[in-house]
Every structure is written in structure tokens, then in C-alpha cells.
Amino acid sequence: MPVNYYIFVSIALFCIGVVGVLTRRNAIIVFMCIELMLNAVNLLLVAFSKMHYAAGVATNSGAGIEGQLFVFFIMVVAAAEVSVGLAIIVMMYRNTHSADINFLNRLKH
135 MPVNYYIFVS IALFCIGVVG VLTRRNAIIV FMCIELMLNA VNLLLVAFSK MHYAAGVATN
195 SGAGIEGQLF VFFIMVVAAA EVSVGLAIIV MMYRNTHSAD INFLNRLKH
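Heads up, the sequence shown stops at 243 in the working numbering, and the numbers go up one at a time, no gaps.
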């Protein structure tokens, strides 16, 4: 499968995530859209890694798996981000009984 398809799907997922972050007010939906953007970048890294690996096999060089290793570390950091982010959202909901992110602007004063 050509890399162009992966690029188009990744761009579509990233744009959906950006629109969700910019338009939604619910903290959980915003958090899910941020994760969607991370997964779009991961898809693109794996696609380019696969393309680079295919070119490396043809020339007998050992290149091509760095992108997949980088995606693995991104997934580990994203898992830690999910645990901390959801803990913050749960504590915000317990204190305010709302998951509206506009309430956080009132905490400045």
C-alpha cells in the first residue's frame, strides 16, 4: 500500500483532533482529541518507518526501525499522560461537579 494513503488518513485524524480541541468544552472530549492527534502522528511515524525499512532492505542497510521504536516510547509517555490527565479531570469533577474547561479560567483569581 502506498504511503500516500497513510499520510491522508493521518492528516484527517490530526485535523479531527485539532477541531475537537478547539471547539469542545468538555475536558474528557478535549483529552480524547489530544490522544487522537498523538495517534495520528504515531501512524505517520510507523508508515514512514515502514517505507524507510523497505528501502533499507533493498540496499542491505540496517535502517528503518527507528520510527517504530520512537512510537513505542511515545505510547509509553501517552499512557503516563492518560493516567495523570484522568486523575486531574476526576479531581476537577469532584470539586466542581462539572467537566467544563471554562471553569478553569475562574481559578486564576
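The beta-carbon is built from N, C-alpha and C at its ideal position, and this holds for glycine as well.
No experiment lies behind these values; they were computed from the predicted model shown.
In the DSSP assignment, M209 falls within the unbroken alpha helix (DSSP H) covering E200 to T230. The beta carbon of I141 sits closer than 8 Å to those of L178 and A181, all from its chain and outside the five residues before and after it, given in chain order. S183 is positioned such that its CB atom lies no closer than 7 Å to that of G154. Counting only the Cα atoms, H186 lies some 8 Å from I199. A Cβ-Cβ contact shorter than 7 Å links I162 with A233.
Positions of the alpha helix (DSSP H) runs, each at least 4 residues long and wholly inside the stretch 148-192, are given as 161-192 in order along the chain.
For the pair M171 and F204, the CB atoms are not nearer than the 7 Å cut-off. Excluding sequence positions up to five before and after I150, its CB lies within less than 7 Å of the CB of L170, all in the same chain and listed in chain order. Comparing C-alpha distances from E215 to each of Y227, S144 and M166 shows the shortest one belongs to M166.
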